[in-house]
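Residue 62 in full-length UniProt numbering sits at position 62 of the sequence shown; the count goes up by one each step and never skips.
Single-structure report; data block below.
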Amino acid sequence: MTTDKFSIVQQETDKAIVLYFHGELDLEVAATLFRDQLEAVVSGTEKELILDLTELSYIDSTGIGILVSILKIRDAKKAPLTVRNIPPGVLKLLEITGIAKFLLQGVKGGA
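Listed below in structure tokens is the structure:
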């Protein structure tokens with residue numbers, strides 16, 4: 001899952017799928033990325049989904065919308081979600097928008 005400005009590296013274990021976000025998650029990449037690539041991974045497994053944002057350098061409102069969509073899908077499936085390693089600048093924006101508490105809380109999973 002890659003563009004010139006953004007990529008996701010996927011690593012799978014027996015218990016979890018880790019998605020490593022790299023670059024800028026914005027309007028330019030978000031719609032195509034989610035529709036064509038990310039939605040299948042997010043909705044297609046009951047394993048814990050871990051979003052590692054260590055290398056996420058920028059996010060705009062469309063990118064935040066993608067994170068909220070992931071959270072909603074995982075919550076509806078009662079499938080576990082963890083968001084980790086949020087860079088300070090990205091975290092500040094997520095706090096301002098009120099989304100940080102939900103992402104940091106994640107989804108516990110289970111019926």
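Just so it is clear, CB atoms sit at the ideal spot from N, CA and C, and this is done for glycine as well.
Only a predicted model underlies this, so the values are computations on that prediction, with no experimental measurement involved.
Take the Cβ of residue i as the centre, count every other Cβ of all protein chains shown within 10 Å, and call the residue buried at 16 or more, exposed below.
i, result
"R35", "exposed"
"G89", "exposed"
"E48", "buried"
"D14", "exposed"
"A30", "buried"
"G44", "exposed"
"I96", "exposed"
Per DSSP, residue i forms a beta bridge with which residues?
i, result
"D52", "Y20, R84"
"E12", "I17"
"V107", "L81"
In three-state terms, what does DSSP make of residue i?
i, result
"I59", "strand"
"G65", "helix"
"K47", "coil"
Starting from residue i, trace the alpha helix (DSSP H) both ways and give me its first and last residue.
i, result
"L27", "27–33"
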